[in-house]
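Read the structure below first, then the notes.
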Amino acid sequence: MNQTVVIQPDLAFKRAILGLDAGDFTACYQCGTCSVMCPISPDDDPFPRKEMIWTQWGLKDRLMHDPAIWLCHQCQLCSTYCPREAKPANVMAALREYSVAFHAFPRFLGEWLNKPRYLPLLLGFPVVVLLIVLAIIGTLTELPKGEVIFHAFIPFIYVETIFVIAVAFALIAGVVGAARYWRGAPQASDGAEGAMASVPGAAWTVLRDILLHREFNKCIEKRVGDRPSYKTHVPLSHMAVFFGFGGLFITTMGLAIGIYVFDFFPPMSQSHPLKILANVSGVAVIIACLVFLFRRVIDKEKAGKTTYNDWLFVTVLLLVAATGFLAQITRTAELPHVAYPTYFVHLVLVFFLLAYSPYSKFAHVFYRPAAMLIARYREARNRAAAAESAAGGVRAAA
Amino acid sequence: MSPMTKKLGIYVCSGCGIGECLAANRLTEIAKREFAAPVVQSSRAFCLEDAELIRNDVAKGVVDAVVIAACSPRVNTDVFAFPGAMVERVNIREQVAWCHPAGDPEAQAMAEDHLRMGIARAAMRKAPTPYTEANERRVLVVGGGIAGLNAALHAAAAGLEVVLVEREARLGGAVARLRSQYPTRPPYRAPERTSIGQLIDEAQATDRILVYTGSRVVRVAGQPGRFNVTIARNGSPVELIVGAIVLATGWKPADKARLEAYGYGRIANVVTSLELEEMAAKGSVRRPSDGGPVKTVALISVDSPADEKQIPYAGNVESLVALKQAIELRTDAPERQVYVAYRYMHAPGQNEYFFKAAQQDAGIFLTRAAGRAVSEDGNGRVLVELDSTLLGGRQRIAVDLVVVGTGMEPASPEVEGLNLAYLQGEGMPVNRFGYADSNFICFPYETRRTGIYSAGCVRKAMDLAESAQDGAAAALKAIQCIELSSAGAAVHPRVGDLAYPEILTRHCTQCWRCTEECPFGAIEVNAATRTPQVNPNRCRRCGTCMGGCPVQVISFADYSVNILSSMVHAAARPDGDGAEPRVLVLACENDAYPAIDMAGVNRATLPGSVRIVPVRCLGSVNRAAVAEAVIAGYDAVALMGCRSGEDYQCHFIHGSEVLKTRMDNIREVIDRMALGPERVQYLEVAISEADKIPGMLNDVLAKARALGASPLQHAAE
Numbered sequence: 313m314n315q316t317v318v319i320q321p322d323l324a325f326k327r328a329i330l331g332l333d334a335g336d337f338t339a340c341y342q343c344g345t346c347s348v349m350c351p352i353s354p355d356d357d358p359f360p361r362k363e364m365i366w367t368q369w370g371l372k373d374r375l376m377h378d379p380a381i382w383l384c385h386q387c388q389l390c391s392t393y394c395p396r397e398a399k400p401a402n403v404m405a406a407l408r409e410y411s412v413a414f415h416a417f418p419r420f421l422g423e424w425l426n427k428p429r430y431l432p433l434l435l436g437f438p439v440v441v442l443l444i445v446l447a448i449i450g451t452l453t454e455l456p457k458g459e460v461i462f463h464a465f466i467p468f469i470y471v472e473t474i475f476v477i478a479v480a481f482a483l484i485a486g487v488v489g490a491a492r493y494w495r496g497a498p499q500a501s502d503g504a505e506g507a508m509a510s511v512p513g514a515a516w517t518v519l520r521d522i523l524l525h526r527e528f529n530k531c532i533e534k535r536v537g538d539r540p541s542y543k544t545h546v547p548l549s550h551m552a553v554f555f556g557f558g559g560l561f562i563t564t565m566g567l568a569i570g571i572y573v574f575d576f577f578p579p580m581s582q583s584h585p586l587k588i589l590a591n592v593s594g595v596a597v598i599i600a601c602l603v604f605l606f607r608r609v610i611d612k613e614k615a616g617k618t619t620y621n622d623w624l625f626v627t628v629l630l631l632v633a634a635t636g637f638l639a640q641i642t643r644t645a646e647l648p649h650v651a652y653p654t655y656f657v658h659l660v661l662v663f664f665l666l667a668y669s670p671y672s673k674f675a676h677v678f679y680r681p682a683a684m685l686i687a688r689y690r691e692a693r694n695r696a697a698a699a700e701s702a703a704g705g706v707r708a709a710a
Numbered sequence: 070m071s072p073m074t075k076k077l078g079i080y081v082c083s084g085c086g087i088g089e090c091l092a093a094n095r096l097t098e099i100a101k102r103e104f105a106a107p108v109v110q111s112s113r114a115f116c117l118e119d120a121e122l123i124r125n126d127v128a129k130g131v132v133d134a135v136v137i138a139a140c141s142p143r144v145n146t147d148v149f150a151f152p153g154a155m156v157e158r159v160n161i162r163e164q165v166a167w168c169h170p171a172g173d174p175e176a177q178a179m180a181e182d183h184l185r186m187g188i189a190r191a192a193m194r195k196a197p198t199p200y201t202e203a204n205e206r207r208v209l210v211v212g213g214g215i216a217g218l219n220a221a222l223h224a225a226a227a228g229l230e231v232v233l234v235e236r237e238a239r240l241g242g243a244v245a246r247l248r249s250q251y252p253t254r255p256p257y258r259a260p261e262r263t264s265i266g267q268l269i270d271e272a273q274a275t276d277r278i279l280v281y282t283g284s285r286v287v288r289v290a291g292q293p294g295r296f297n298v299t300i301a302r303n304g305s306p307v308e309l310i311v312g313a314i315v316l317a318t319g320w321k322p323a324d325k326a327r328l329e330a331y332g333y334g335r336i337a338n339v340v341t342s343l344e345l346e347e348m349a350a351k352g353s354v355r356r357p358s359d360g361g362p363v364k365t366v367a368l369i370s371v372d373s374p375a376d377e378k379q380i381p382y383a384g385n386v387e388s389l390v391a392l393k394q395a396i397e398l399r400t401d402a403p404e405r406q407v408y409v410a411y412r413y414m415h416a417p418g419q420n421e422y423f424f425k426a427a428q429q430d431a432g433i434f435l436t437r438a439a440g441r442a443v444s445e446d447g448n449g450r451v452l453v454e455l456d457s458t459l460l461g462g463r464q465r466i467a468v469d470l471v472v473v474g475t476g477m478e479p480a481s482p483e484v485e486g487l488n489l490a491y492l493q494g495e496g497m498p499v500n501r502f503g504y505a506d507s508n509f510i511c512f513p514y515e516t517r518r519t520g521i522y523s524a525g526c527v528r529k530a531m532d533l534a535e536s537a538q539d540g541a542a543a544a545l546k547a548i549q550c551i552e553l554s555s556a557g558a559a560v561h562p563r564v565g566d567l568a569y570p571e572i573l574t575r576h577c578t579q580c581w582r583c584t585e586e587c588p589f590g591a592i593e594v595n596a597a598t599r600t601p602q603v604n605p606n607r608c609r610r611c612g613t614c615m616g617g618c619p620v621q622v623i624s625f626a627d628y629s630v631n632i633l634s635s636m637v638h639a640a641a642r643p644d645g646d647g648a649e650p651r652v653l654v655l656a657c658e659n660d661a662y663p664a665i666d667m668a669g670v671n672r673a674t675l676p677g678s679v680r681i682v683p684v685r686c687l688g689s690v691n692r693a694a695v696a697e698a699v700i701a702g703y704d705a706v707a708l709m710g711c712r713s714g715e716d717y718q719c720h721f722i723h724g725s726e727v728l729k730t731r732m733d734n735i736r737e738v739i740d741r742m743a744l745g746p747e748r749v750q751y752l753e754v755a756i757s758e759a760d761k762i763p764g765m766l767n768d769v770l771a772k773a774r775a776l777g778a779s780p781l782q783h784a785a786e
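So the protein sequences, as listed, match chains F and P.
Numbers 313 to 710, taken from this note's numbering, label the letters of the first sequence in order.
Numbers 70 to 786, taken from this note's numbering, label the letters of the second sequence in order.
See below:
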């Protein structure tokens, strides 16, 4: 109920969203079919109908703090059923891309990740850093002789240092971005005035739902109508890439612990449990990324919004896993002239993926949990308010 | 020819299932025995080859009054038309054979009585003498706007003379004040220049069109085919005779007082859409308060059904005008932002592309909203509070200029019309919205003054394209009127009817009820004799005058109280032997009679103890006719007609209503005979309610049963 605020369309914002492969949203005539079809749209704050008209009116502030854009899991049912082909799913995806850049800390990195011309610069930074390390070690001019051992090429300590700094930086930036998003949320959604009541265990339920992929499954279980959504594969493929990435992360952590705590010296043998986990995870990631890419290639229409930002993330993730396997294979095959450069490229790509995570499509790891938490709080508060008014009614009657 | 010398030919058809249900031979027997008809024939299909039999009889001069007992008079009218002979149709198919079981004795009795009634009528009918004195082939078009110009051009193209009268100094009407119109050509995305200039040039260049600008119609007298019109051209009178009139006086802006709630009048930067149009046509849209540039505009629709001050209905004109103005405001100044807050968004037909074009313009912001309050902020901008928006609840916008929709009202045909020299008044009768009244469902161009056709926004708020079409259509109706009136035939709905009311003036009591009850103002009072005088071509032959006359001095050559009386008495007298009550049903030919026909077409089962007589309109039912039926021994008389009320269906405007008020009179007559006024029942039925007919008739019988048999049934014995 924004009675006192005069709304002001932001035409530059509207045009920006039009340019993010969401050019059809002007056709929306607010029939509401999308909100009805959406399986995860909450009853008290449905989406994406209102986001469509807010975008038509260029209401940037409202949208940048709207939980709905991150609650959406891109199942595309809305676009499948939209009678005007206004592609609400593309709008939600475009709003997410814009939002990441908008909340980015620092702002300029958010802009750079969305513009192809900055790619050389962004890749160049880790390349230069690693080249400097190689120069210090002496392996820049001359590859290590003998058995292929990556530690000889770049000692772990350098790798750990660089990546710990990179990840720490990314975490801070990610949390700051999510906090900016969070702080704006109360006035963004109508009806959510005042402080949000804290709910014990809300964070835990969100984590549990994420692990169980509850929202993804809702998207295909609660489907209404008989037109198939294009994205019925998503729960499985996202689980693959999610747990695959998780597995790789655990492996890396496990390896670090092994090295620094238990004096373990890699490479691990193929039968080592961690190694098995790593390989299985890597395969999962590769398969998932191939599925994502394949879908975008064979049917661009149904794949939904596809911009540079989308291609970049999937491609980098795929290459991270692919170069990882390639490095492993060429190391085992004792091909130093392929293995060491491949390992170098792998490190550059991992840096790119992790360090720039708050600014790329990867940023959803920060924003989506934040939105889910906001939604839980709002639900709880609405329940409390409803219970209170019912109790008050009972008292009045009595 | 007198009734006595009628050469009757009775033709009984047994096709279409009639013969399977009824004994046709008994019908022919009755024709021969009871009526001594010279020619009696039967056939399995008179509508096919055997039509030749009838034609031969007529051609040979053996028959001059044909009675065909077969299908409903509503069908096969072209097949059963025999020039040189009068044709009487008796319905024994839809209303008898098709709605009773085969061999049913009640059905047989009904068919026999229908035949008797039909023959009685045929014997009594007279051939009408048409009035052919009014045959001027000239059309008067009042109003030189887009509708009037089109009417004039179409009438001239069809070969008629046209007189076009325009009150302003130049032709073009409201359209001439517009900067543009919404698209009429593919891809339907951009406003176009109007075609009014071309139309004006064309009209002025056409020899057959005589144009009077700066002129008004000050008097219209006469009737279709011969209207005596007086035009004041710059004050001096011009007398003309025309055959038909097209009223195309257009619209005027609705009362601006209703816009006060939205700031109009008290805030300088609130204008109407027409005012914006005029500003834009002159080349620059500026803030009225200080002449400053307009960077933001809100186009708001102000109708609100809950508010009586507002116009209670909305159409597509407002939506399309808002879209057009929004697009043009943006085209004129691409940095402008335009809000369109609509209550409804109607963009019918190809205009959908126009709506899409507005949507695709990034600088146009559309939302549904109910406009609430308009005020000024401290910086000279106008604040608009919009309620119930699609954005979520109430929103506020701040703009340089607010544009509210100009409502459209008809240029009152009641007051600014034709100055009719009619007894019933000089204005045109209007409906509750102020538009010229007509039976909107069936005859939208017709007004309640025969020969005068309304077109364009004086008929209904509409846009340019529709107005242009309307004008052309009204011209065609006017031509039709002239053609038929020249032959003395009714124009509609009884197309081609040549008989008109004749008044036996020496018995007239000069009550003048007929002049008041006539829905079309067809009856004037003769200044010398002070008795009513019918203008035949104004008349639509409904017979309301006949129904209302307290002394029954009005009749048609083929339809009168006497004829109805004879028909009622020709049927076999109810003798009280029947188990069921005998009911006479007088059914109006436009609604009730077709509904009964359709019940038969659907093979519903109807009671057999009814006798159904078509009447033109319940308004034509005289209390004397009802009295005759009761005297004839019927247990009940059911008067079935169309639905009355605000959304009336009556083709003659108020037949059922007039009858309802007359019911007191009717019941009083029956009461005086101590026969039970409740025996006269009144029922309303719509033409689409064929499924209700069995229930309604059974209801009538039930009520009659409760009253018991008519005491007159054994009176003859």
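By construction, the Cβ of each residue, glycine as well, lies at the ideal position given by its N, Cα and C atoms.
**Asked** P:Leu794 lies in the alpha helix (DSSP H); which residues open and close that run?
**Response** This structure does not reach residue 794 of chain P, given that chain P is present from 70 up to 786, and the question cannot be answered.
**Request:** Quick one: list the residues of chain P neighbouring F:Thr338, beta-carbon separation under 7 Å, in chain order.
**Result:** For F:Thr338, the residues of chain P that pass the 7 Å Cβ criterion are Gln428 and Gln429, in the order they occur in the chain.
**Request:** Check whether the Cβ atoms of F:Gln342 and F:Ile365 lie closer than 7 Å to each other.
**Result:** Cβ distance < 7 Å, so F:Gln342 and F:Ile365 count as in contact.
**Item:** Secondary structure of P:Cys583, DSSP reduced to three states
**Value:** The three-state secondary structure of P:Cys583, taken from DSSP, is helix.
**Asked** Whole alpha helix (DSSP H) runs in the region 220 to 301 of chain P with 4 or more residues, listed along the chain?
**Response** Here the runs fully enclosed are 265 to 274.
**Prompt:** List, in order along the chain, the chain P residues whose C-beta lies closer than 9 Å to that of F:Lys362?
**Reply:** Against chain P, a Cβ distance below 9 Å from F:Lys362 picks out Leu459, Leu460 and Gly461.
**Item:** CA-to-CA distance, P:Ala391 to F:Ala596, given in whole angstroms
**Value:** Those two C-alpha atoms are separated by around 56 Å.
**Asked** Going by other Cβ atoms of all chains shown within 10 Å of its Cβ, with 16 needed for buried, is P:Ala23 buried or exposed?
**Response** Nothing in the structure corresponds to residue 23 of chain P, since chain P is present only between 70 and 786.
**Message:** Can you give me the C-alpha to C-alpha distance between P:Ala301 and P:Asp733, rounded to a whole angstrom?
**Reply:** P:Ala301 and P:Asp733: Cα-Cα distance of roughly 48 Å.
**Request:** Return the chain-ordered list of same chain residues with a C-beta closer than 8 Å to the C-beta of P:Ser71, the five sequence neighbours on each side being excluded.
**Result:** Per-residue confidence for P:Ser71 stands at a pLDDT of 47, beneath the threshold of 50, marking its modelled position as unreliable; the derived number appears in the next sentence. Once the five neighbours on either side are set aside, P:Ser71 has no close Cβ partner at all.
**Request:** Answer yes or no: does any C-beta atom of chain F fall closer than 7 Å to that of P:Ala467?
**Result:** Put simply, the CB of P:Ala467 is near chain F, with a gap under 7 Å to one of its CB atoms.
**Request:** Can you say whether F:Leu524 is buried or exposed, counting buried as having 16 or more other CB atoms within 10 angstroms of its CB?
**Result:** Classification for F:Leu524: exposed.
**Message:** Please classify P:His576 as buried or exposed, where buried requires at least 16 other C-beta atoms within 10 Å of its C-beta.
**Reply:** By the 10 Å Cβ count, P:His576 comes out exposed.
**Member of F:Ser391, F:Ala406 and F:Asp373 whose CA lies at the smallest distance from the CA of F:Tyr620** = Answer by Cα proximity: F:Ala406.
**Message:** Against chain P, with Cβ distances strictly below 7 Å, would F:Gly506 count as a contact?
**Reply:** With a pLDDT of only 43 at F:Gly506, under the threshold of 50, the placement of this residue in the model should not be trusted; the figure read from the coordinates follows. With 7 Å as the cut-off, F:Gly506 does not count as an interface residue toward chain P.
**Request:** Using a Cβ cut-off of 7 Å (strictly closer), state whether F:Asn318 contacts chain P.
**Result:** First, the residue type needs correcting, since residue 318 of chain F is Val and not Asn in the sequence shown. Yes, F:Val318 counts as interfacial toward chain P.
**Asked** Which partner residues does P:Leu316 have in the DSSP bridge list?
**Response** DSSP output for P:Leu316 lists P:Val211 and P:Ser523 as bridge partner(s).
**Message:** Beta carbons nearer than 8 Å to chain F: which residues of the region 397 to 413 of chain P have them?
**Reply:** Answer set for the region 397 to 413 of chain P: Gln406.
**Message:** Check whether the region 666 to 680 of chain P and the region 165 to 176 of chain P touch, using three or more Cβ-Cβ pairs below 8 Å as the test.
**Reply:** The region 666 to 680 of chain P makes contact with the region 165 to 176 of chain P, as at least three CB pairs between them are under 8 Å.
**Prompt:** Nearest chain F C-beta to P:Thr365 closer than 7 Å, yes or no?
**Reply:** Interface criterion not met: the Cβ of P:Thr365 is under 7 Å from no Cβ in chain F.
**Asked** I think P:Ala317 touches P:Ala216, with their Cβ atoms under 8 Å apart; what is that distance to the nearest whole Å?
**Response** The C-beta distance from P:Ala317 to P:Ala216 rounds to 4 Å, short enough to meet the 8 Å contact threshold.
**Message:** Does the region 186 to 193 of chain P come into contact with the region 626 to 641 of chain P, if we say contact requires no fewer than three beta-carbon pairs (one atom in each stretch) closer than 8 Å?
**Reply:** Short answer: they touch.
**Message:** My output table needs one value for P:Gly440: the three-state DSSP class, helix, strand or coil.
**Reply:** Strand at P:Gly440.
**Item:** Proximal residues to P:Asp456 (C-beta, below 6 Å), its chain only, five neighbours per side dropped
**Value:** Apart from the 5 residues on each side of it in sequence, P:Asp456 sits with its Cβ closer than 6 Å to the Cβ of Ala439, Arg441 and Arg463 in its chain, given in chain order.
**Asked** Residues of chain P with CB under 7 Å from F:Leu332, in chain order?
**Response** The contacting residues do not exist; F:Leu332 stays about 14 Å from chain P at best.
**Item:** Burial state of F:Gly616 (16 or more Cβ within 10 Å)
**Value:** F:Gly616 should be labelled buried.
**Prompt:** By the 10 Å Cβ neighbour count, where 16 or more other Cβ atoms means buried, how is P:Pro417 classified, buried or exposed?
**Reply:** Exposed, since its Cβ has fewer than 16 Cβ neighbours within 10 Å.
**Request:** Have a look at F:Pro395 and P:Leu460 and give me their C-alpha separation to the nearest angstrom.
**Result:** If you take the alpha carbons of F:Pro395 and P:Leu460, they lie about 20 Å apart.
**Asked** Nearest chain F C-beta to P:Phe151 closer than 7 Å, yes or no?
**Response** With respect to chain F, the C-beta atom of P:Phe151 has no partner C-beta closer than 7 Å.
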